[in-house]
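Residue numbers (this note's numbering): 1361 to 1604.
All remarks here apply to the structure that follows.
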DNA sequence: AAAACGATCAACCGCATTCGT
DNA sequence: TACGAATGCGGTTGATCGTTT
């Protein structure tokens, strides 16, 4: 099936967005919404393709974006969720209010992956030569929380209150797996988990309130994904508890 | 002071999935 | 049901900035 390109290549501006373009896009979305990304740039008078507008809005201009460094709680949550979900950045982002999939993906590749890799190889020189770079970011990645309170995060992770972000530490402690490896789940795990999940959901498990209002389209598929995320979260509890 | 190097992150690309007719 | 269009997602790239030498 031949796909039309997302935009005509001619006359479409690319590269970094200017402040003026940002203002135009924000003003247009505030006034008309973004029901049709493809038509939006034309309507707003922007020389961008709809895809580019959408990306700019979602990753940068959305009013509920949380800027600034990731807290250690957020980083631990990412590590934990990544251990369970793999590279499902949008699903992970849905669990971190105000954070975008792109941002999380970047943080993972720049900070967290290296952090896990270095902690899984304790005997090898742990500190890269350039670790002193960007003190603010590096410090927040390796040390305690910075300015951001973790309340919203904790709320979003409330379905896994017993989790205590333990996967990250257990991964570090065992040193058995780098996070890039697939999470191994055997059949007995599935049968146990699926059987358990029925009881859990009927006993007060909240589905759907954990996705932020920024979630692009609160749909049944999101609920479904939330089901699986919650399932994985609980499974994570089981797995990490079994290591103790 | 400046060149080289490495880290970061915004943005792009292409594929997959969903939606509408 | 089939098809095309629109949107979403994850991987990747490249410009920029900070650090080191």
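Glycine included, each C-beta is placed from N, C-alpha and C at the ideal position.
If you're wondering where the values come from, they're calculated on a predicted model, not measured in any experiment.
So what does DSSP say about residue i, is it helix, strand or coil?
{"i": "residue 1376", "result": "coil"}
{"i": "residue 1437", "result": "helix"}
{"i": "residue 1394", "result": "coil"}
{"i": "residue 1428", "result": "coil"}
{"i": "residue 1401", "result": "helix"}
{"i": "residue 1371", "result": "coil"}
{"i": "residue 1407", "result": "coil"}
{"i": "residue 1448", "result": "coil"}
{"i": "residue 1382", "result": "helix"}
{"i": "residue 1453", "result": "helix"}
{"i": "residue 1416", "result": "helix"}
{"i": "residue 1475", "result": "helix"}
{"i": "residue 1389", "result": "helix"}
{"i": "residue 1470", "result": "helix"}
Taking residue i as the reference, which of the options has the closest Cα?
{"i": "residue 1421", "options": "1476, 1380, 1469 and 1373", "result": "1380"}
{"i": "residue 1434", "options": "1391, 1372 and 1464", "result": "1464"}
{"i": "residue 1373", "options": "1403, 1404, 1408 and 1391", "result": "1408"}
Short check: CB of residue i to CB of residue j, under 7 angstroms?
{"i": "residue 1418", "j": "residue 1472", "result": "no"}
{"i": "residue 1397", "j": "residue 1416", "result": "no"}
{"i": "residue 1455", "j": "residue 1441", "result": "yes"}
{"i": "residue 1393", "j": "residue 1401", "result": "no"}
{"i": "residue 1449", "j": "residue 1436", "result": "no"}
Report buried or exposed for residue i, applying the criterion of at least 16 other Cβ atoms within 10 angstroms of its Cβ.
{"i": "residue 1406", "result": "buried"}
{"i": "residue 1431", "result": "buried"}
{"i": "residue 1378", "result": "exposed"}
{"i": "residue 1376", "result": "exposed"}
{"i": "residue 1395", "result": "exposed"}
{"i": "residue 1475", "result": "buried"}
{"i": "residue 1327", "result": "The question about residue 1327 has no answer here: the residues shown for the chain are numbered 1361 through 1604."}
{"i": "residue 1383", "result": "exposed"}
{"i": "residue 1451", "result": "buried"}
Legend entry - At least three beta-carbon pairs within less than 8 angstroms, the stretch 1379 to 1389 to the stretch 1424 to 1431: no
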